[in-house]
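See below for the structure under consideration.
Residue numbers (this note's numbering), protein chains in the order written: chain A, 481 to 772; chain B, 1185 to 1304.
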């Protein structure tokens, strides 16, 4: 069976690409430390030596639209083109092309449907920055096949937080029951407190530093009980109007396992948002350089 | 009230570089053209299979014609769509990094929780 060699959960910040690739004289003051943290985080994936990446993210009204909106969708395509004109325009993100793994997509779809998740699928999916930001931060050579899993954290009515956790738990089981010798990393990105298009946007920190501090503790400790007790669809409006992206972190806590402490945890207080980076190694031991 | 149609306008303009410029240069003309020609086009269907029932209220049309992001927020347009499109149209007029984004937020300061519902 396939092995889950690493589970990564982080924020995705579309400005990282520009901040890290600008010439030194035009880089913002926070860029160097940000790059240092991201490169250290990248190493947590590199040393797990994965063959395939399952990527959890959320389309930001690019291909998925309100006339036909799936709650959870799995990509099943041999190839995924990625990034859009408006992401190029606003964030300077490059166009990218990623290879797929249709066999793993098919396994996740069949198994997910049989486990009670009525997953939507797409045979022609153009990915956006929720998937390409973590590629840029954790695997910039973009050389591994991916299976994208999209969640709706964006267009209410949304699924309940517990459903995200359950999908994460199921996703872990499904990858581990895939008849393959390949090494799979499961990578998901979301948000801590975040405000977009509202009065609290683009402040000197995330809109709710208190929520961010709590959330970082929950994730680092794998404390699903506390997280599920405190987080509801209504409560997520309070830290910031785009904070429902935290449910993708909850999905990843489900992948990592209840009560499972992160093997690597870091964060970085930036303008606009708290960046946070977590990695779990399912076998409990950190792999050595070059992969175990 | 049709939050969906407001969002559909913002979405279809934002994804088209020519329409972004046209809306910036001629908001009233672009909104009138869009409502007459595009509002009822279903995005993944041939144009012959259009809807028949979508139109703006006067208040919605005025908010779009006035490029009034505060009113759009009040009406429950999706804040991500409004922000993304308006950054494309107006960020260029500000010298400071994030100058437009901060002013955009300041103009919304009188809103407190709960914000207008964006459910469509």
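Note that the Cβ used here is the ideal one computed from N, Cα and C, for glycine as well.
Collapsing the DSSP output to three states places residue 1207(B) in a helix. Separation of residue 1286(B) and residue 540(A) (C-alpha to C-alpha, rounded to the nearest whole angstrom) is 22 Å. Interface criterion not met: the Cβ of residue 1193(B) is under 8 Å from no Cβ in chain A.
The beta-carbon distance between residue 624(A) and residue 531(A), rounded to whole angstroms, is 7 Å. This is short enough to meet the 8 Å contact definition.
Taking 7 Å as the cut-off between beta carbons, the residues of the segment 1260-1278 of chain B near chain A are 1263, 1264, 1265, 1266, 1267, 1268, 1271 and 1272, in sequence order. Residue 1225(B) is not a Cβ neighbour of residue 1219(B), given a cutoff of 8 Å. In the three-state scheme derived from DSSP, where H, G and I count as helix and E and B as strand, residue 491(A) is classed as strand.
The secondary-structure analysis by DSSP pairs residue 535(A) across a beta bridge with 628(A) and 667(A). Identification of chain A residues near residue 1289(B) by a Cβ-Cβ cut-off of 9 Å yields 675, 677, 678, 679, 680, 681, 682 and 683, ordered along the chain. Secondary structure at residue 551(A): coil, using DSSP grouped into helix, strand and coil. Put simply, the backbone Cα of residue 1275(B) is about 14 Å away from that of residue 572(A). Counting the other Cβ atoms within 10 Å of the Cβ of residue 570(A) gives 16 or more, which makes it buried.
For residue 1199(B), a Cβ of chain A is located within less than 8 Å of the residue's own Cβ.
Among the residues of chain A, those whose CB is under 9 Å from the CB of residue 1299(B) are 678, 679, 717 and 721, following chain order. Residue-level contact by beta carbon fails for residue 1207(B) and chain A, as no gap is shorter than 8 Å. The count of Cβ pairs closer than 8 Å, one atom from the segment 740-754 of chain A and one from the segment 682-696 of chain A, reaches three, so the stretches are in contact. By the C-beta density criterion, residue 497(A) is buried, having at least 16 other C-beta atoms within 10 angstroms. Chain order gives the chain A residues near residue 1293(B) as 679, where near means a beta carbon separation below 7 Å. For a cut-off of 8 Å, the C-beta gap from residue 645(A) to residue 708(A) is around 7 Å, short enough to register as a contact. Between residue 673(A) and residue 688(A), the gap from beta carbon to beta carbon is short of 8 Å. Here residue 1240(B) really is in contact with residue 1189(B); their C-beta atoms are around 6 Å apart, less than 8 Å.
Rounded to the nearest whole angstrom, the C-alpha separation of residue 529(A) and residue 599(A) is 29 Å. With fewer than 16 other Cβ atoms from the protein chains shown falling within 10 Å of its own Cβ, residue 1278(B) counts as exposed. Taking 8 Å as the upper bound for CB-CB distance, residue 648(A) and residue 732(A) are in contact here, some 6 Å apart. The three-state secondary structure of residue 675(A), taken from DSSP, is coil.
Spanning the alpha carbons of residue 736(A) and residue 487(A) requires a straight line of approximately 6 Å. For residue 601(A), there is no enclosing alpha helix (DSSP H); the enclosing beta strand (DSSP E) covers residues 600-602.
Against chain A, the CB of residue 1234(B) has no partner CB under 8 Å away; the residue lies outside that interface. Closer than 8 Å to the CB of residue 546(A) there is at least one CB belonging to chain B. Around the Cβ of residue 696(A), a 10 Å sphere holds 16 or more other Cβ atoms; the residue is buried. Taking residue 565(A) as reference, the option from 557(A), 558(A) and 574(A) with the minimal CA-CA separation is 574(A). The Cβ of residue 1249(B) sits no closer than 8 Å to any Cβ of chain A.
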